[in-house]
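A.B. asks:
Residue numbers (the numbering used here): 31 to 326.
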């Protein structure tokens with residue numbers, strides 16, 4: 031690490047400072063033993079020098095990752111380039127980037143992955159508490175050991191810690207079937223990820239179909255369904271209510287996000303209550319779909 035170029039006591043001091051910022055993530059004992067690691071930690075500060083080799087590998091990787099189009103095409107990716115990338119991320123939308131660092135049995139450090147949590151899907155998105163799990167990349171040498179599950183869990187739990195009872199839903203978008211499987215296959219998630227629709231993401235001058243998932247916080251689901259139930263009764267309102275129940279618990283193929291606005295407009299006309307007024311849970315959900323944007 032960068033601190034190794036300094037001398038004696040300073041090296042120890044820098045490592046101690048890093049340790050105070052580290053959050054250990056739960057990696058299986060088998061994976062740790064196989065890879066020769068003591069533990070894996072998440073770190074958010076002083077990570078620029080750690081991310082340089084990871085980003086150099088990402089640039090060569092044939093993956094659907096938007097960082098690829100923000101990196102210099104040639105030459106060494108130095109700390110200044112990493113700082114520029116991370117600052118551009120924060121301008122695009124408030125974002126916290128994590129470096130996932132393996133601590134070897136001898137105390138050495140190896141950056142194995144990166145991932146991020148964005149506070150919102152776009153900088154101008156006006157609703158709070160819809161965080162996005164974004165920008166995950168695991169270096170090829172460390173794939174196949176269950177690290178993605180641990181990294182996803184760390185960021186997922188962090189959303190509940192940061193937003194608490196205000197949390198509405200956690201967004202995750204990916205073009206990778208392996209990610210879909212991990213996200214939707216963990217029964218221990220207090221709010222399961224459900225497939226709510228698809229978007230088309232442009233990376234390297236090509237459009238890639240991406241599946242969008244939301245993990246709906248229980249409190250937000252209650253607020254959403256209560257809003258519709260209190261608007262009044264009728265076939266359209268009932269259809270909307272049932273669609274939202276299916277969407278928040280199962281997603282596709284039972285229900286999709288793109289259908290919600292049409293159903294809400296029909297229910298609004300039937301009940302005489304404008305269900306898509308601003309600052310309502312339902313408007314926040316439809317606005318999220320348009321901001322992503324979910325197109326099918």
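Here a beta-carbon is modelled for each residue, glycine too, at the ideal position from N, C-alpha and C.
#1: Around the Cβ of residue 222, are there at least 16 other Cβ atoms within 10 angstroms (buried) or fewer (exposed)?
#2: According to DSSP, is residue 74 part of a helix, a strand, or is it coil?
#3: Report all residues from its chain with a CB closer than 7 Å to the CB of residue 204; omit the five preceding and five following residues, and keep chain order.
#4: Rounded to the nearest angstrom, how far is the Cβ of residue 304 from that of residue 267, given a contact under 8 Å?
#5: In chain order, which continuous runs of the beta strand (DSSP E) of length 3 or greater are located wholly inside the segment 112-169?
#6: Taking the beta carbon of residue 280 as the centre, do at least 16 other beta carbons fall within 10 Å, making it buried, or is it exposed?
#7: When DSSP labels each residue in this structure, what does residue 79 get in the three-state scheme?
#8: Per DSSP, what kind of secondary structure is residue 55 in: helix, strand or coil?
#9: Identify which residue in 74, 189, 180 and 126 has its Cα closest to the Cα of residue 52.
#10: To which residues of the same chain is residue 160 closer than 7 Å at the C-beta, ignoring the five residues directly before and after it?
#11: For residue 121, count neighbouring Cβ atoms within 10 angstroms of its own Cβ and tell me buried if that reaches 16, exposed if not.
#12: Which residues mark the beginning and the end of the alpha helix (DSSP H) in which residue 318 is found?
#13: Can you grab the Cα-Cα spacing for the pair residue 249 / residue 156, in whole Å?
#14: In terms of residue numbering, what span does the beta strand (DSSP E) encompassing residue 203 cover?
#15: Assuming residue 293 and residue 275 form a contact by the criterion Cβ under 8 Å, report the distance between their Cβ atoms to the nearest whole angstrom.
#16: Could you compute how far the alpha carbon of residue 180 sits from the alpha carbon of residue 55?
#17: Have a look at residue 66 and residue 170 and give me their C-alpha separation to the nearest angstrom.
#18: Under the DSSP definition of a beta bridge, which residues are partnered with residue 238?
#19: Under the rule that 16 or more other beta-carbon atoms within 10 Å means buried, what is residue 125, buried or exposed?
#20: Should residue 257 go down as buried or exposed, given a rule of 16 or more other Cβ atoms within 10 Å for buried?
#21: Residue 117: buried (16+ other C-beta within 10 angstroms of its C-beta) or exposed?
#22: What's the C-alpha gap between residue 135 and residue 129?
#23: Return yes when the Cβ of residue 212 is within less than 9 Å of the Cβ of residue 132, no when it is not.
C.D. replies: By the coordinates alone:
#1: buried
#2: coil
#3: 210, 240 and 241
#4: Wrong, their Cβ atoms sit about 13 Å apart, outside the cutoff.
#5: 125-134, 139-148 and 162-168
#6: exposed
#7: helix
#8: coil
#9: 74
#10: 150, 151, 198, 199, 201 and 318
#11: exposed
#12: 311-321
#13: 20 Å
#14: 199-204
#15: Contact doesn't hold; Cβ gap of about 12 Å is too wide.
#16: 6 Å
#17: 16 Å
#18: 231
#19: buried
#20: buried
#21: exposed
#22: 19 Å
#23: no
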